[in-house]
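Novice: The structure follows.
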Amino acid sequence: MEDIKKTVLEYVIEEYVEDEDEELTYDTPLISGGIVDSFSMVSLKRFLESKYKISIPDEKATPEAFDSVDKIYELVKEFVKE
Amino acid sequence: MSNIGSYEKRVKDFNWSISEKELGYKEGDVLNIGWYCSDRICQMGKANKPALIWDGLGGKKSSYSFNDVRLASNTIGAFLKKIGVKNKDRVCLFLDKIPELYLGFIGILKIGAIAQPLFSAFGDESLHVRLENAETTVIITQRKHVSKVRKIKDKLPDLKHVIIVDHDGKKPLRDGEMIFSLKEETPVEEFEIFPTKAESPSVLHYTSGTTGQPKGVKHVHYSLIGQYLTAKWVLDLKDNDIYWCTADPGWVTGTSYGIIGPWSLGVTQCVLDTGFSAEAWYKFIEKHKVTVWYSAPTAIRSLMKAGDEVIKKYDLSSLRHLASVGEPLNSEAVIWSKKVFGKYFLDTYWQTETGAMMLTNFPGMKVKPGSMGKPFPGIMAAVLDPKSFEPDGEPGKIGLIAFKPGWPSMMRTYWNNEETYRAKFVNDWYVSGDRASIDKEGYYWFVGRDDDVINTGGHLVSPFEVESALLEHEAVAESAVVAKPDEVNMEVVKAVVVLKPGFEPSEELELKIMNFIRKKLSPLAMPQETEYVDSLPKTRSGKIMRRLLHAKEWGEEIGDTSTLEGEE
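Protein chains in written order, with this note's numbering: chain A, 1 to 82; chain B, 1001 to 1568.
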């Protein structure tokens, strides 16, 4: 399960971070921090669903639930089967 | 008592000279928006009044008085002049909603140059076509966006300078790049403002159409006359207000009503430069005691989605007037706002091309949830028959929203595209491209676009632009891009794609296509759904029939298919 955090963090850095100097950690605010905008959140959700073969209901995919890698991990954990 | 008072009386007695008189402007005078938004307010005795209260990422905050705005814009203007920027040169602001964006905008106008603000989430291709078309000579940006500029700089022969406002000195600059730090510059107290006149160009905003590349909408300094009065009468801005316009100045709302309107009235405005979250927004209103809030239907629907409970955690009693723009505000959102904020969100309708509000709900007017309201005094509006282009006049009949040209903030042309500009006028009407009906009481009701342009979250996306970009993806043979209904954003982009031989549909490919467009164009243009098909519906002459795909998406009648390829 710890791999999820690492994978998501690497993906966010690769796909969404424009400033090469920006240091991202597991608790860096993503949505409220302006790194991932609300439109791009759709692509991040699609990545999680495709990577972990899960389906995240729209009502769970809120800006708050996607606001850090830590929070995304908590969300994904709900749906991933051990 | 609202600023407008009686709408009917204002309509009856209206003349734009009301605005000119209040601003102390007479025909033929020098008219510079930069001066009106800073120096003039200081001369009126409000030099120490807060003009901009800014909250940024990571708890950063700053505040600027009108005198600070005057000095900072002088300083930016002086710097631009020093590096050779001249009257009418295009200077692009490619910045997040940081103070330099607002101060830079005023500084550019003060030297008579043309401000070209661009949405900072644009990808390199979107940036390239807009800078190329405008023959932009300077771009002002920040460290986090400079990599996008570097990708395209060699393809822009007119671009002489790339100014970085937050360079920390850690990495070397490249050819043509320079550092400008407002904090380190000596404030310029005395500055000779360029004597622009009413028809001198001021702002260039880009907007998308169905075909062709984005169009640069040219505005002039006289637009102030409309922006000032609409901000005063529709937003009801008063001297002691704390105003929050949530729009990004990369789009027209963010300049007309996120800079020019409030500052020409000497009103304090707040800016929140963080991503969206309902809690953060309510907290911001509570913290700054926002009184007037101008936002967008997508944001309002996102707040609705976040629920009513979160609202109870904050004291939002400072709010006295709410308005909305960008796309039609659905009646549910209007009614919801009354329930939770005790005030209706009043819808306003206008476009990049109109420069200022055209149809609006006014303070004190009966609210019909879902309606765009009535024409601003002095605006002659109509719904035209789509065939004769004559006003129909029959209540409830759907037609094209049109306006008689001549209002102060009307665009003066599309940059380097006079032909397309002229095509917007038929029978001496400016035809908006939107459809509506008028009810018996004169209220306008939005129906939809009259073309294929996608309105997503209040921003227009050209299907042509997305289709062109999709063709550059290695897997795409051809595509058609249409609007898909969306609960929050009204519409989102959907791509219907024919793959090249050797590529198979998959979730991974869909994600790759999404990210490809997001980075190349913008997150707004990113297809939120991709459908794979074997072929696209085309006319016998080979033109893709987007209309059919749109009708299928929206569950509408397909209509005439006699020109469809393969139909006999």
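Ideal placement from N, C-alpha and C gives every residue a C-beta, glycine not left out.
Skipping 5 residues on each side, what residues in its chain have a beta carbon closer than 7 Å to that of P1262 (chain B)?
Specialist: A1231, L1237, Y1243, Q1269
Novice: From B:K1312, B:I1300, B:V1267, pick the residue whose C-alpha is nearest to that of S1324 (chain B); which is it?
Specialist: It is B:I1300.
Novice: Going by the beta-carbon positions, is the gap between L1204 (chain B) and R1090 (chain B) smaller than 8 Å?
Specialist: yes
Novice: Mind pulling the chain B residues with CB within less than 8 Å of I31 (chain A)?
Specialist: G1275, F1276, S1277
Novice: What's the call for A1423 (chain B), buried or exposed, on a 16-neighbour Cβ count within 10 Å?
Specialist: exposed
Novice: Just mark G1364 (chain B) as buried or exposed, buried being the case when its beta carbon has 16 or more other beta carbons within 10 Å.
Specialist: exposed
Novice: For R1540 (chain B), is the classification buried or exposed, using 16 other Cβ atoms within 10 angstroms of its Cβ as the cut-off for buried?
Specialist: exposed
Novice: Closest to D1534 (chain B) by CA distance: which of B:A1480, B:S1522, B:V1011, B:M1514 is it?
Specialist: From the listed residues B:A1480, B:S1522, B:V1011, B:M1514, the smallest Cα separation to D1534 (chain B) is found for B:A1480.
Novice: Can you say whether K1026 (chain B) is buried or exposed, counting buried as having 16 or more other CB atoms within 10 angstroms of its CB?
Specialist: Burial check for K1026 (chain B): the Cβ neighbour count within 10 Å stays below 16, so the residue is exposed.
Novice: Going by DSSP, what residues sit across from A1381 (chain B) in a beta bridge?
Specialist: B:F1403
Novice: Specify the secondary structure class of F1345 (chain B) as computed by DSSP and reduced to three states.
Specialist: strand
Novice: CB I1033 (chain B) to CB L1229 (chain B), shorter than 8 Å?
Specialist: no
Novice: Take P1408 (chain B) and list the residues in its own chain whose beta-carbon comes closer than 7 Å to its own, dropping the five residues that flank it on each side.
Specialist: W1016, Y1222, S1223, I1225, G1226
Novice: With a threshold of 8 Å between beta-carbons, can P57 (chain A) be considered close to chain B, or not?
Specialist: no
Novice: Output yes if chain B places a C-beta closer than 8 Å to the C-beta of F47 (chain A); else output no.
Specialist: Yes, its Cβ sits closer than 8 Å to a Cβ of chain B.
Novice: Tell me, which residues are paired with T1456 (chain B) by DSSP?
Specialist: B:H1459, B:M1490
Novice: Specify the secondary structure class of E1568 (chain B) as computed by DSSP and reduced to three states.
Specialist: Unreliable placement is indicated for E1568 (chain B), whose pLDDT of 45 sits below 50; the coordinate value is still reported in the next sentence. Three-state result, E1568 (chain B): coil.
Novice: For D1239 (chain B), does the count of other Cβ atoms within 10 angstroms reach 16, so buried, or fall short, so exposed?
Specialist: exposed
Novice: For the alpha helix (DSSP H) containing M1304 (chain B), list its first residue and its last residue.
Specialist: 1297-1306
Novice: Does E18 (chain A) come within less than 8 Å of chain B when only Cβ atoms are used?
Specialist: yes
Novice: With distances taken from CA atoms, which of B:Y1064, B:T1291, B:V1162 is nearest R1320 (chain B)?
Specialist: B:T1291
Novice: Using the C-alpha atoms, what's the distance from K1287 (chain B) back to L30 (chain A)?
Specialist: Spanning the alpha carbons of L30 (chain A) and K1287 (chain B) requires a straight line of approximately 22 Å.
Novice: Return the CA-CA distance between D1450 (chain B) and G1212 (chain B), expressed in angstroms with no decimal places.
Specialist: Linking D1450 (chain B) to G1212 (chain B) through their CA atoms gives a straight-line distance of about 17 Å.
Novice: Assuming the contact rule is C-beta atoms closer than 8 Å, I1260 (chain B) and C1092 (chain B) should be a hit. Round their C-beta distance to whole Å, please.
Specialist: Contact between I1260 (chain B) and C1092 (chain B) does not hold, since their C-beta atoms are separated by about 18 Å, which reaches or exceeds 8 Å.
Novice: Three-state secondary structure (DSSP) at M1514 (chain B)?
Specialist: helix
Novice: Threshold first: 4 residues or longer. Then list the alpha helix (DSSP H) segments lying entirely within the segment 1127-1176 of chain B, N to C.
Specialist: 1146-1152
Novice: Give the interface partners of V8 (chain A) over in chain B, defined as CB-CB distance under 9 Å, in chain order.
Specialist: Listed along the chain, the chain B residues whose CB falls inside 9 Å of the CB of V8 (chain A) amount to none; the nearest CB is some 14 Å away.
Novice: When the cut-off is 8 Å and only beta carbons count, does V42 (chain A) lie next to chain B?
Specialist: yes
Novice: Would you list, in sequence order, the uninterrupted beta strand (DSSP E) runs of no fewer than 3 residues that lie entirely inside the segment 1245-1328 of chain B?
Specialist: 1268-1272, 1292-1295, 1321-1324
Novice: Does the distance from the C-beta atom of Y1443 (chain B) to that of K1338 (chain B) stay below 8 Å?
Specialist: Cβ distance not < 8 Å, so Y1443 (chain B) and K1338 (chain B) don't count as in contact.
Novice: Run down chain B in chain order and give the residues with a C-beta less than 8 Å from the C-beta of F79 (chain A).
Specialist: Chain B residues near F79 (chain A): none, gap ~16 Å exceeds 8 Å.
Novice: Where H1128 (chain B) and L1156 (chain B) are concerned, what is the direct C-alpha to C-alpha distance, given to the nearest angstrom?
Specialist: Between H1128 (chain B) and L1156 (chain B), the C-alpha separation is close to 8 Å.
Novice: Does the beta-carbon of N1048 (chain B) have 16 or more other beta-carbons within 10 angstroms, so that it is buried, or is it exposed?
Specialist: exposed
Novice: What number of angstroms, rounded off, separates the C-alpha of I1544 (chain B) from the C-alpha of R1435 (chain B)?
Specialist: 23 Å
Novice: Measure the alpha-carbon distance for V1149 (chain B) versus L1536 (chain B) and round it to whole angstroms.
Specialist: 35 Å
Novice: Can you pull out the residues from the segment 1292-1311 of chain B whose beta carbon lies closer than 8 Å to at least one beta carbon of chain D?
Specialist: Protein chains in the displayed structure are A and B, and chain D is not among them.
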